[in-house]
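Working notes for the structure below.
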Amino acid sequence: MSLLETRGLSKSFSGLRAVHEVDFALPEGEVRALIGPNGAGKTTFVGMLCGRIEPSSGTVRFSGADVSHLPAHRRIRAGMAYTFQITSIFAKLSCRENVALAVRRRHGPQSDVIEALARVGLDDRADQLAGDLSYGHQRLLEIAMGLAQKPRLLILDEPTQGLSDGEIDAFCTLIRELKAETTILLIEHNMAVVMQTADRITVLNFGEILAEGAPDEIRANRAVQAAYLGTEDA
Amino acid sequence: MTETGKAIALHAGLVVLLFVLQWVLPAYHHGNLARVMVLATYAMGYNLLFGYTGLLSLGHAMFFAAGMYGMALTVKHLGWAPAPALVAGIGAGLLLSLAVGALALRTAGVAFMIVTLMFAQAVFLTILYFGEWTNADDGLVLQRAERMMWGLDLSNDATRYVAAWVLFTVCLGLSLWLVRSSFGKVLIAIRENEPRAQMLGYDTFRHKLAAVTASGTMSAAAGAGYGLLFGYAGASFAGVQYSILPLLWVLLGGAGTIVGPFIGALFTFYLIDIASGFTSAYMAVVGGVLIALTLFARQGIGGELRRRVWRWLP
Ligand SMILES: Nc1ncnc2c1ncn2[C@@H]1O[C@H](COP(=O)(O)OP(=O)(O)O)[C@@H](O)[C@H]1O
Ligand SMILES: [Mg+2]
């Protein structure tokens, strides 16, 4: 059964069709990459999944229930976690407190805080202010806040943007580990990361699904190459 | 010592110092400090919303006045004793802040400021409108006999000081407990980044509503205490000036610190006291100091202490 499903999900911004009639299904336990050129509607699409953005029309089902009308915090409580494309952390709080806020909501033990920080390699910076971290480390903190929620569905919006090569490798390893624990929807520009981590890929273009399939199929798909891969060195 | 230990020691030290000062201070300053402790309680209530939750209200005088009139009206018209009247005042503030919060929190930012200002203005006009009961501009004077609480005469200077100290201490303790609780941590998270707090699964509306209510109720407790201790409830306490004052105290003393409101209220009180000895344009002096502090100590006195000396200051 699908953990997440959308039907006819659409969003227009004053006439601009950012996402149009998307039917999407994500089975439990899968790592799905969502790719597409800039402005394809990826961020808008996942924003509607987790309740940050109100759809113009369409429905979202999560774990068998229609969550289309639930506010964001209720969907998070139901087991979604979302990491922002534009880093959104509590800059004036320590890394520890940032993650603790994620853990406390689900009444998890304090040991989960350090565990989540350790998984992204920030445990030695637990007491630094989040705002003092480098950009790449802030991205990692953002991921740690997602992990700390122990979600059933983890939505990552361009998590590797601004990470070093070493950090990207560590990130890929982390995703492979997480596969056993949670379902992942990963928006990613770095095709090497996509090819290494994703079970399946969905390609979005001009707000519509252009193609969907295993990494090899997508790589071979001409329409995708024309729309997207042609402009990237995959 | 742990940071928790240090925080408790510092605040306990302040409270003990204030208690001991009653035997040390000359009469004039003794009376001033009693008043400052009550006003600081009002500022602590304001600080819960402004300093810790990041919501700027321009109408807190309505909560101060709700406490003051909730107390005075029950004393005057129902003949209640001070203790139940105090509870009535606090209850009035609780209900009013719950209702105002539920409506005003549909807005944010500047709109929230305007809406709270408007509600406070409505409360002010209501007090004047029902002059038959509130005695409108002249206000209600509480006689000595009406201020006997459990056999203690609240119009007596020494008793009044201790009563003000109890009110201040209880509210300081409550504030400290609240901001260090997991509820308080969420308020701080909302102040720092509300969309993020929401995307961690927190119902930010409910938290903000609880913050408005806690803040309004503490402000009402201060208002009820003020009326009882100084024997007077007047419409001027519901005016715009009394909405601006706690903002001023909290800004000067350090928003989002527990000692800030007290420091700010004390500092402002003596600044006005001293400046008015030299010039009738004493508010210009206060304005100048405020500008200087916002330029050179942007986080207020308490905020600078936290930044430079005690990073752990809650
Ligand atoms: N809040 C908004 N208001 C108006 N237009 C928006 C808004 N958010 C996104 N858009 C537009 O919608 C389209 C899709 O954007 P987005 O979902 O961010 O794409 P992606 O994440 O794939 O780069 C873009 O054309 C973008 O300019
Ligand atoms: Mg995007």
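Line by line, the protein sequences give chains A and B. Numbered by this note's numbering, the letters in the first sequence go through residues 124 to 357 in order. Numbered by this note's numbering, the letters in the second sequence go through residues 5 to 318 in order. Heads up, the beta-carbon is just placed ideally off N, CA and C, and yes, glycines get one too.
In the DSSP annotation of this structure, the continuous segment of the beta strand (DSSP E) that includes Val-183 (chain A) starts and ends at 180 to 185.
B:Arg-39 is the residue among B:Ala-301, B:Arg-39, B:Leu-18 and B:Trp-253 whose C-alpha sits nearest the C-alpha of Thr-163 (chain B).
Partner residues in a beta bridge of Ala-225 (chain A), as assigned by DSSP, do not exist. Distances from the CB of Lys-165 (chain A) to the heavy atoms of ligand 2 include at least one below 7 Å.
Within the same chain, Val-236 come within 6 Å of Ala-223 (chain A) by CB-CB distance, once the 5 residues on both sides are set aside. At least one beta carbon of chain B lies nearer than 8 Å to the beta carbon of Ile-212 (chain A). The three-state secondary structure of Asn-161 (chain A), taken from DSSP, is coil.
Pairing Thr-217 (chain B) with Gln-319 (chain A), the inter-Cα distance amounts to about 52 Å. DSSP places His-312 (chain A) outside any beta strand (DSSP E), giving it a letter other than H or E.
Along the stretch 276 to 328 of chain A, the alpha helix (DSSP H) occurs as fully enclosed runs of 4 or more residues at 288 to 301 and 314 to 320, listed in sequence order. Each residue's CA atom was taken as its position, placing Phe-300 (chain B) and Val-170 (chain B) some 34 Å apart. Secondary structure at Ser-211 (chain A): coil, using DSSP grouped into helix, strand and coil.
Leaving aside the five residues that flank Ala-334 (chain A) on each side, the residues in its chain whose CB is nearer than 7 Å to its CB run, in chain order, Val-326, Ile-341, Asn-344, Ala-346 and Val-347.
Three or more pairs of CB atoms, one per stretch, sit closer than 8 Å, so the stretch 134 to 150 of chain B contacts the stretch 226 to 246 of chain B. A distance criterion of 7 Å places the beta-carbon of Gly-181 (chain A) beyond contact range of ligand 1, judged by its closest non-hydrogen atom.
At a threshold of 7 Å, Asn-328 (chain A) does not count as near ligand 1, since its beta carbon sits no closer than that to any of the ligand's heavy atoms. Less than 8 Å separates the beta-carbon of Leu-270 (chain A) from that of Ala-239 (chain A). Taking the CA atoms as reference points, Val-289 (chain B) sits about 24 Å from Gly-63 (chain B). Comparing alpha-carbon positions, the option among B:Leu-53, B:Val-28 and B:Val-24 lying closest to Val-254 (chain B) turns out to be B:Leu-53. If you check the CB distance, Leu-216 (chain A) and Ala-253 (chain A) come in under 8 Å.
The CB of Ser-186 (chain B) comes closer than 8 Å to the CB of Arg-227 in chain A, given here in chain order. Cβ neighbours of Pro-274 (chain A) within its own chain (closer than 7 Å, five residues either side excluded): Gly-202, Met-203, Ala-204 and Thr-305. Distances taken from the Cβ of Ala-350 (chain A) to the heavy atoms of ligand 1 include none shorter than 7 Å.
DSSP, reduced to helix, strand and coil, places Val-20 (chain B) within a helical segment of the structure shown. Out of B:Ser-284, B:Thr-57 and B:Ala-70, the CA that lies nearest to the CA of Phe-128 (chain B) is found in B:Ala-70.
Annotation for Gly-268 (chain B) indicates a beta carbon at 7 Å or more from all heavy atoms of ligand 1. The closest heavy atom of ligand 1 lies less than 7 Å from the beta carbon of Ala-141 (chain A). Taking the beta carbon of Ala-193 (chain B) as reference, the chain A residues within 8 Å of it are Phe-213, Leu-216 and Leu-224, listed in sequence order.
For Gly-138 (chain A), the Cβ stays outside the 7 Å cut-off from all heavy atoms of ligand 1. Residue environment: Gln-147 (chain B) is assigned as exposed (fewer than 16 neighbouring CB atoms within 10 Å of its CB, all protein chains considered).
Between the C-alpha atoms of Ile-199 (chain A) and Thr-206 (chain A) there is a straight-line separation of about 12 Å. For Pro-338 (chain A), the uninterrupted alpha helix (DSSP H) run begins and ends at 338 to 343, by DSSP.
Gly-131 (chain A) counts as exposed, since fewer than 16 other C-beta atoms from the protein chains shown sit within 10 angstroms of its C-beta.
Within the stretch 90 to 151 of chain B, the runs of alpha helix (DSSP H) at least 4 residues long that lie entirely inside it are, in chain order, 114 to 133 and 135 to 138. At a cut-off of 8 Å between C-beta atoms, Gly-205 (chain B) counts as an interface residue with respect to chain A. Residue contact with chain A for Glu-136 (chain B): absent (no Cβ-Cβ distance below 8 Å to any residue of chain A).
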